[in-house]
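Under the working numbering, the sequence shown is numbered contiguously, ending at residue 476.
Yeah, the Cβ is synthetic: ideal placement off N, Cα and C, and Gly gets one too.
Just so we're clear, the structure is a prediction, and the values are computed from it rather than from any experiment.
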Amino acid sequence: MNEKASQPPTIKLEPRLSGLAKSATLAINEQSQALAAQGKQIVRLGLGQSPFPVPAVMLRALQLNAHQKAYLAVQGLPELRLAVSRYIERTEGLHFTPEQVLIGPGSKELLFHLQLACDAELLLPSPSWVSYAPQARILGRDMQWLPSEPGQPDLDPDVLDRYCRQQPARPRLLVLNYPNNPSGSSPEPDRLQAIANVARKHHVMILSDEIYSGLDFDNQHISIARYYPEGTIISNGISKWAGAGGWRLGAFIFPTTLESVLRSMVTLASESFTSVSAPIQYAAIHAFNDNEELRDYLDVCRRLLKALMFWSWRILESAGAQVTRPRGGFYLLPHMEALRDKLDIQSSQALCQYLLDNTGVAALPGTAFGRAPDELCVRLACVDFDGEAALAAMRELPIGTEPDAAFLLEHCQPTVHGIQRIAACFQG
Ligand code: PMP
Ligand code: GLU
């Protein structure tokens, strides 16, 4: 019999994915790589990836554990969970047991699972990192931006209070990230205390995203969990301060009051990623354990970043941008209102295109971080330089000497050139 070939059914895509594209941070990285492959000179201030190598102590541990082939416990390797709990005790003075820690393939994945596990409205201070809001959208969760004035990115507790008072009983999840991506800011302790008071009053659960905690320039990071222990989940990982973004490992630390959330996430993990790669978990123990090598590594990274970020902040500010003084990490979010009339640019998207076309600098528009499209701000990730060579040069500096502009020009190119070129846009 000559049967007519039937047409394959059309695959229907999940409607919640429509209108979403590849995450802005990852897309700009691929776009920059493609331009560089065409021979264009691009200063890559788009993707926020640590410029520094993974500490040698972790590399050695990874090599020694390459043979680890078994699936590990869903919640994570017990020795690693112990190391994470001790890390929080050491850095924050907060006591947790290994049973309160969950290890996942990057904190981004854990955040997604948290939003999947909890039927809660997501609250995000504007500006916030690019992926929180799309995750809520994919999962069909409601989300709300909490506004801030340009150049004052820390969440205002009164804004949170006013919003929560509108529907007092609604379950909510507030994501706070500090040192902040995209602004580099960190709230002062009294601000954290005030936010904690409001969150407690309205029973808002907080996910405290502390992935840049180890890069607080003065090593003074303070978790909001100190002020709101019963309602805060701490998120951390090895992607930023241990330079291991591509290793894909993050950790959540839960208060006992939120044990049911932890349990649900473990169930979800058991049906999704199973557990994080075994050799990576063994190696990550050495990121969280106290050791001389890591302390030295972090000290040098922080000193270099402090010098580079302060220098960049000053150059942009004196050129005419409005920039928050950074406290940690490697991001700045300059507001460049002065360029609106001068260059006839009306959106942050157009500003990024202008910078790419005219200065060769790849950056991300403020819109990707929840700012209004017509606000002329861009996120700069000051990471385009050879971090390994720069750390080696730092170690050659005489004791007590901090890197100056000449050092940065020599060892942090092309970032320094990129900042200078952006500053030059204000001249003339
Ligand atoms: N939070 C913030 C603020 C980030 O910048 C990133 C990007 N790495 C993440 C979370 C996710 O980090 P990872 O998944 O690599 O742990
Ligand atoms: N967090 C980094 C950034 O903001 C990139 C990694 C990612 O988005 O997953 O640029």
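Proximity to residue i [Cα-Cα], best of the options
i: P303; options: H383, H250, R388, R274; result: R274
i: Y119; options: Y135, T322, M384; result: T322
i: A453; options: A355, V371, L412; result: A355
i: N406; options: L316, A471, S66, Q214; result: A471
i: L457; options: Q370, Q397, G376, I363; result: I363
i: D344; options: V105, S261, T73; result: V105
i: V246; options: L130, S231, Y211, H269; result: Y211
i: S234; options: A332, S283, L263; result: L263
i: S71; options: L162, K52, Q89, P182; result: P182
i: L107; options: I286, P56, T280; result: I286
i: I76; options: A292, P227, V178; result: V178
i: I282; options: L93, V464, P56, S133; result: S133
i: A109; options: T415, T449, L65, F336; result: F336
i: L255; options: A244, L222, N228, L203; result: L222
i: F474; options: Q370, M442, P374, F378; result: Q370
i: S196; options: V149, S174, G141, S231; result: S174
i: Q97; options: K52, Q111, Y260, Q397; result: Y260
i: I186; options: T280, E62, L297; result: E62
i: R469; options: S54, E444, E319, A410; result: A410
i: N229; options: F160, G279, F417, M191; result: F417
i: V464; options: L159, S360, L439; result: S360
i: R427; options: A244, P126, F378, R388; result: F378
i: H250; options: F265, P237, Y276; result: Y276
Residue i classed as buried or exposed, judged by whether at least 16 other C-beta atoms fall within 10 angstroms
i: A437; result: exposed
i: P216; result: exposed
i: N339; result: exposed
i: H459; result: buried
i: D392; result: exposed
i: Q200; result: exposed
i: K288; result: buried
i: P382; result: buried
i: S366; result: exposed
i: G294; result: exposed
i: Q111; result: exposed
i: R64; result: exposed
i: P99; result: buried
Euclidean distance between Cα positions of residue i and residue j
i: T167; j: Y180; result: The residue asked about is misnamed: residue 167 is Asp in this sequence, not Thr. Roughly 15 Å between the two C-alpha positions.
i: I272; j: E137; result: 14 Å
i: V324; j: K156; result: 13 Å
i: L224; j: L194; result: 11 Å
i: D434; j: D209; result: 44 Å
i: T145; j: A386; result: 52 Å
i: Q461; j: D432; result: 7 Å
i: A114; j: V102; result: 16 Å
i: Q268; j: T305; result: 27 Å
i: L487; j: D347; result: This structure gives no information on residue 487, because the portion of the chain shown stretches from 49 to 476.
i: A184; j: G67; result: 14 Å
i: P421; j: T372; result: 19 Å
i: Q79; j: Q401; result: 12 Å
i: P153; j: V309; result: 18 Å
i: H143; j: G124; result: 19 Å
i: R351; j: V252; result: 36 Å
i: R479; j: P205; result: No answer is possible for residue 479: the residues shown for the chain start at 49 and end at 476.
i: G87; j: A69; result: 26 Å
i: L342; j: G291; result: 12 Å
i: R220; j: G298; result: 23 Å
Cross-strand partners of residue i (DSSP beta bridge)
i: G376; result: D264
i: D257; result: N225, S283
i: G298; result: G152, G285
i: L194; result: P173
i: P382; result: Paired residues: none, contrary to the question.
i: F455; result: Answer is none; F455 lacks a bridge partner.
i: A410; result: R92
i: R427; result: L412
i: F433; result: P462
i: Q55; result: Its beta-bridge partners do not exist; DSSP assigns none.
i: G468; result: The sequence given here has Gln at residue 468, not Gly. For Q468, which the question treats as bridged, DSSP gives no partner whatsoever.
i: R220; result: E169
i: Q370; result: H383
Check: residue i C-beta below 7 Å from any heavy atom of the ligand MG
i: S283; result: By its list of ligands, the structure shown excludes the ligand MG, since it contains just the ligand PMP and the ligand GLU.
8 Å Cβ cutoff, residue i in contact with chain E
i: G291; result: Of the protein chains in this structure there is only one, and it is not chain E.
When you get a sec, list the residues whose CB is within less than 6 Å of any heavy atom of the ligand PMP, chain order please. Residues flagged by the Cβ proximity filter: G96, G154, S155, K156, W177, N225, N229, D257, I259, G285, S287, G293, G298.
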